[in-house]
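Engineer:
Numbering (UniProt numbering), first residue to last: 1 to 366.
Have a look at this one:
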């Protein structure tokens, strides 16, 4: 469902000359010299549109470095004066907002741990009422699209029109190579709800390690994201927070140099013709998939009737294990990722259980 969100275009509040928005800077502002030197080196790349730095750092557990607080804000003023670049910081309370604006911070972002709490988001929205400042909202820690959507609705309700989303991945509890699972479909769904909303990829928090930054940044660009926000530090190995996922400005510049920015459409008539025909073929295959799903559910319904009439349980673990094993093996032979086949069959199985439950709770016709 599309929701009317009065969002100003990205280019109306920051100039990127039609290129993806690039925000970079250290996870945390640690010292004045560290922040200013990082900002100077990023400015020298000629590709960075804004600097980011953590001033208040909400940590999962106490005892970790939680930011320098207000003491870091004059450093931001100096770095702004030296580079001429706007600055972005995370805010989590009305007091943070008041101080950030007092010291001339240009862009605010709402962190993942704040987005997850509607009470906190509403406090921030109320504090921003009547303020004309860009606000970026990170996805909530857990994959809950409604919380992300609700945050934008609350901010828009306070009159904020310079809005953007930061996609930083989700904590799922599953062991993966990434710190936070991207779940790209969640950001795509957000874009379908708010088509005009800029989406900025945060490969640093998705990756958790430098080794994966390039592939995640490229994926964000391939999905036509509006920009990237990446953590960069002059001495990342000795950073006071998130050391493993930060890049030196030089390494960040190298990553940008190798990033492929693809066009959304092509005016090549041959390309358009091939695309149209291929999409028609996909439509036909999708129709067959849906028809086969319907046929499978009809068989499931018959199976449930037999189980009901013979007093047999609807869920049989050994049969489910066999289905999962044989279907993923078949998928592999057909060059499909086993994870894809497994996830599809988990959804099919859930629907199968639901259908069988309905049938088994109805008495047979007399």
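Just so it is clear, CB atoms sit at the ideal spot from N, CA and C, and this is done for glycine as well.
As the structure is a computational prediction, the values presented were derived from the model and not from experiment.
#1: Relative to the C-alpha of residue 100, which residue among 297, 134, 113, 118 is closest?
#2: Which of helix, strand or coil does DSSP assign to residue 270?
#3: Check whether the Cβ atoms of residue 116 and residue 141 lie closer than 8 Å to each other.
#4: How would you label residue 152, buried or exposed, when you count the other beta carbons within 10 angstroms and need 16 or more for buried?
#5: So is residue 105 buried or exposed if we call it buried at 16+ other beta carbons inside 10 Å?
#6: Alpha helix (DSSP H) containing residue 121: first to last residue?
#7: Across which residues does DSSP place residue 96 in a beta bridge pair?
#8: Using only alpha-carbon positions, find the residue among 213, 179, 224, 162 that is nearest to residue 187.
#9: For residue 359, which three-state DSSP category applies?
#10: Under a CB-based cut-off of 8 Å, is residue 243 close to chain C?
#11: Using three-state DSSP, classify residue 104 as helix, strand or coil.
#12: Taking the straight line between their C-alpha atoms, what separation do you get for residue 338 and residue 294?
#13: Check residue 145 in the structure and name its three-state DSSP category.
#14: So, using beta-carbon positions, are residue 163 and residue 7 closer together than 8 Å?
#15: Can you tell me whether residue 252 is helix, strand or coil according to DSSP?
#16: Pick out whichever of 322, 148, 360 has its Cα sitting closest to the Cα of residue 346.
#17: What whole-angstrom Cβ distance do residue 21 and residue 226 have, given they're in contact under 8 Å?
#18: Using alpha carbons as the reference points, say which of 85, 82, 55 lies closest to residue 111.
Structural biologist: The relevant details are as follows:
#1: 134
#2: helix
#3: yes
#4: buried
#5: buried
#6: 118-128
#7: Its beta-bridge partners do not exist; DSSP assigns none.
#8: 224
#9: Taken through DSSP and simplified to helix, strand or coil, residue 359 comes out as helix.
#10: Of the protein chains in the structure, only one exists, and it is not chain C.
#11: coil
#12: In a straight line, the C-alpha of residue 338 is about 23 Å away from that of residue 294.
#13: helix
#14: yes
#15: helix
#16: Closest option to residue 346, Cα to Cα, is 322.
#17: 6 Å
#18: 55
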